[in-house]
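Working notes, beginning with the structure itself.
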Amino acid sequence: MPLVRLEPRAQASRLATYLSPVLAVVLTLIAGAALFALLGTDPLDAFQAFFIDPVSSLYGLAELGVKATPLVLCAIGLAIGFRANVWNIGAEGQFIIGAICGGGVGIYYEPMLGPATLPIMFAAGAIGGLLWAAIPALLKTEFNANEILTSLLLTYVASLLLNYLVRGPWRNPQGFNFPQSKPFEGYAMIQPFFHGTRLGIGSVIALVVVAGGWFLLSRSFLGYQIKVIGLTPLAATYAGFSQKRITWFTLMLSGALAGIAGLNEVAGPIGQLLPSISPGYGFTAIIVAFLGRLHPFGILLASLLIALIYIGGESAQISLDLPVAVVGVFQGMLLFFLLACEILVRYRVRLGRSSVESVA
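Right under this line is the structure:
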């Protein structure tokens, strides 16, 4: 009986590396067409509802930016860490803590801070996310604890903390007993660029972060250290690069960016703290980071694609009466095909037993 096995390639093709996300998207569209057909929906109508109708107006284009902004901010920070083999899976928790810390400033100190309120809220959100990410950094560098587990578990702690605050001490006394904070007002609100839309300053911050991430990875000595530590840890140690310092830097940077994303979400599109402030941006950012090949500009394009799937799913629910789970299925298929293409970039498929097995 022939066996299917994976044989490591001597060197991954550079062209295949960059084309694999494109192939993953194409395969997702093909599988999505089959899914829509099984659901009794014309695939062409579904694709129009998903990818064309949502961006056919100024409001739709603005919503695309609104959805892409937190994905860009979270994914850039994660990608820099992934380049150094630092696996922060807790951006969702850092997103929530950033919203709590920055939101608390806006709720309680806006009258006394005046025009300085929003910058201080962004700073508080960044510091909150940074400090939350510092916990797995400390556990990793001092106790060799796995940062995947510690950062992930802290996400649930952050979610429970937010839930406690909006149901307890931060509940709006005039909110008819609903679990929510007071709405942000005055200088604590992010004003939209265009009337009737929700796109604000966060999108500009995201573009600055993309440019900064590119400069860090491509034009700075610190970025060189990050890449060397990720590719060849032994060579990095021989060169005197500090794995501990890079671990601290990448985790706290990703935490700060996720915290900024969280504050931007609650002070802008949402306008207050709620028990749930994210549809999973911190987790989806992991898909975005790898879909963008851990490159800042690739991440920007990948964020726009995933954002389009988000708003397209909402459009398809309304126009075609498709279930809300379709968006999650789309993201799951995209991740599956992305991982499959990644495997084929690094390995070739062989049929039959290996030479060692044959000799045995």
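If you want my numbering, it's the position in the sequence shown, counting the first as 1, plus 33.
Note that the Cβ used here is the ideal one computed from N, Cα and C, for glycine as well.
None of these values were measured; they are calculated from a predicted model.
Exercise for the section: Starting from L193, trace the beta strand (DSSP E) both ways and give me its first and last residue. Expected result: If you look at L193, you'll find it isn't in any beta strand (DSSP E); it sits in the alpha helix (DSSP H) that goes E180 to R200.
Handout entry: Cβ shell of G304 (< 8 Å), same chain only, five flanking positions each side left out
Key = Excluding its 5 nearest sequence neighbours in each direction, G304 has C-beta neighbours in its own chain below 8 Å: P216, F217 and M222, listed in chain order.
Handout entry: Cβ contact check for the region 272-279 and the region 87-107: 3 or more pairs under 8 Å
Key = no
Exercise for the section: Give me the Cα-Cα distance between F363 and I344, rounded to the nearest whole angstrom. Expected result: Cα to Cα, the separation comes out at about 12 Å.
Practice task
Identify, in the order they occur along the chain, each residue of the same chain with its Cβ nearer than 6 Å to the Cβ of V299, setting aside the five sequence neighbours on each side.
Solution key: A132, G136, L306 and I310
Handout entry: CB contact flag (A294, L52, <8 Å)
Key = no
Exercise for the section: State the beta-bridge partners of Y380 as determined by DSSP. Expected result: For Y380, DSSP records a beta bridge to P41.
Handout entry: Nearest-angstrom Cβ-Cβ length linking L111 and A322, presumed shorter than 8 Å
Key = 5 Å
Problem - Beta-carbon separation (whole angstroms), A349 vs L355, contact threshold 8 Å - result: 5 Å
Exercise for the section: Give the C-beta separation of G126 and L187 to the nearest angstrom, bearing in mind that I take them to be a contact with Cβ-Cβ under 8 Å. Expected result: 5 Å
Practice task
Assign K215 to one of three DSSP states: helix, strand, or coil.
Solution key: coil
Handout entry: Close beta carbons around D86, own chain, < 6 Å, minus the five adjacent residues each side
Key = S348
Handout entry: Within the region 123-165, ranges of the alpha helix (DSSP H) (whole runs, at least 4 residues)
Key = 124-146
Exercise for the section: State the Cα-Cα distance for the pair P308 and S192, rounded to the nearest angstrom. Expected result: 8 Å
Exercise for the section: With distances taken Cα to Cα, identify the nearest neighbour of A291 among A166, F282, F369 and V237. Expected result: A166
Practice task
Identify the continuous alpha helix (DSSP H) that holds Q276 and give its terminal residues.
Solution key: Q276 to E298
Problem - G208 - DSSP class collapsed to helix/strand/coil - result: G208: coil per DSSP, three-state reduction.
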